[in-house]
Amino acid sequence: MPKVFFTYVWGPPGDPCWPLTFGSKAARTQANKALTEGDYVFTVGTKGEATQRESQGRVLGLYQVSSLEVNTIDYMDQIDTSGNTERAASEFPYALHPISVWEITSPENTFSSLVGPLTGAHHLRAQSTVVELDPETAAPLLALARRPVSLAEPRTLLGRGLVAHKNSKLAPKHEGAFSGAFGEHDIWYVYVLALKDRQGRDLAFKIGYASDPAARCAAYQAPMASEVTGLTWKPACSQATGSEDDARRIEQALLAHFSKYKLPSNGEIIRGPTETEILSKLAVILRQG
Numbered sequence: 006m007p008k009v010f011f012t013y014v015w016g017p018p019g020d021p022c023w024p025l026t027f028g029s030k031a032a033r034t035q036a037n038k039a040l041t042e043g044d045y046v047f048t049v050g051t052k053g054e055a056t057q058r059e060s061q062g063r064v065l066g067l068y069q070v071s072s073l074e075v076n077t078i079d080y081m082d083q084i085d086t087s088g089n090t091e092r093a094a095s096e097f098p099y100a101l102h103p104i105s106v107w108e109i110t111s112p113e114n115t116f117s118s119l120v121g122p123l124t125g126a127h128h129l130r131a132q133s134t135v136v137e138l139d140p141e142t143a144a145p146l147l148a149l150a151r152r153p154v155s156l157a158e159p160r161t162l163l164g165r166g167l168v169a170h171k172n173s174k175l176a177p178k179h180e181g182a183f184s185g186a187f188g189e190h191d192i193w194y195v196y197v198l199a200l201k202d203r204q205g206r207d208l209a210f211k212i213g214y215a216s217d218p219a220a221r222c223a224a225y226q227a228p229m230a231s232e233v234t235g236l237t238w239k240p241a242c243s244q245a246t247g248s249e250d251d252a253r254r255i256e257q258a259l260l261a262h263f264s265k266y267k268l269p270s271n272g273e274i275i276r277g278p279t280e281t282e283i284l285s286k287l288a289v290i291l292r293q294g
């Protein structure tokens, strides 16, 4: 059975809802070590000024989390920047990708009334990371009425690729009353192949996109007769993307940047730039929307 945790936040989940955020990388790492993929995290409004009075001390949301670490910068276009949310996005840049999120709709949702007294250590730790609740304490929280909210899509190509790849790997093992449903996803990759000689030197690079980069590499290698020529195509990079359109767009942007290095015989093969230069440019493209 999934474990149940809680953490303090500044407001209810939006719709679309952004990931479960943390103020430091260390806090996110601590949470990820404590959590198992599919566990539940209830969010509770702080009693400070950053939280609206009507949300202070109340159970506001429920997150079913994955182990995928993401950054809020990849979601900025999707986040409602009114009120405290913009501040939260800048002060809590580290996040975990949710499998599913619900907004708590029960009117009787005061956290302290539902779970009873907790130690000061519990409350202190929950200000920065997640704190586990035993099954008896968590039972009233699990009984709260709720409604599902949609998940925000990352703005950047890198973020969309990370989330799409993670969603494709989420097994339908997350069972129970709150479980989200995930089907099979076709993941498209931008790939770079390096043509190497017998000494392992890079002679050229093939840039493309495919749903199965390994198969594309094998197809390019098959006619090379490496026993005679000494030439071998080797994978240099395989980057998941959010869709086939994203993969095509990234591929074309990468080829356009290195257009003067294209071979006349094959516009997807370039000769001249180093692998480091190609991957550095790819990283820049992936951080764009």
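If you want our numbering, it's the position in the sequence shown, counting the first as 1, plus 5. Idealized CB from N, CA, C, for every residue including glycine.
Taking every protein chain shown into account, the CB of Q204 has fewer than 16 other CB atoms within 10 angstroms, so this residue is exposed. For L101, no alpha helix (DSSP H) run applies; the uninterrupted beta strand (DSSP E) run containing it begins and ends at Y99 to I109, by DSSP. Taken in chain order, the unbroken stretches of beta strand (DSSP E) that lie wholly in the region 114-161 and span 3 residues or more are 136-138 and 151-154. For the pair of segments examined, the region 22-37 was found to touch the region 58-78: the number of CB pairs separated by less than 8 Å reaches three. By the Cβ rule, the region 157-172 counts as touching the region 238-250, because three or more pairs are nearer than 8 Å. Where C22 is concerned, there is no enclosing beta strand (DSSP E), because DSSP gives it neither an H nor an E.
Taking C-beta separations shorter than 7 Å and ignoring five residues to either side along the sequence, the partners of H102 in its chain run P24, S71, L73, V75, V168 and K171, following chain order.
Cβ-Cβ distances below 8 Å link F97 to T26, F27, G28 and T77 in the same chain, with the five nearest sequence neighbours on each side left out; the list follows chain order. Of all alpha-carbon atoms in R276, V14, K286 and P122, the one lying nearest the alpha-carbon of K211 is that of R276.
When the five nearest sequence neighbours on each side are left out, the beta carbons in the same chain lying within less than 7 Å of the beta carbon of D191 are those of S216, in order along the chain.
Judged by beta-carbon spacing, V135 lies within the 7 Å limit of V46, meaning their Cβ atoms are closer than that value. CA-to-CA, the gap between R33 and A100 works out to about 7 Å. P228 sits in a helix when the DSSP states are folded into three classes. Here V154 is buried, its C-beta having at least 16 other C-beta atoms within 10 Å.
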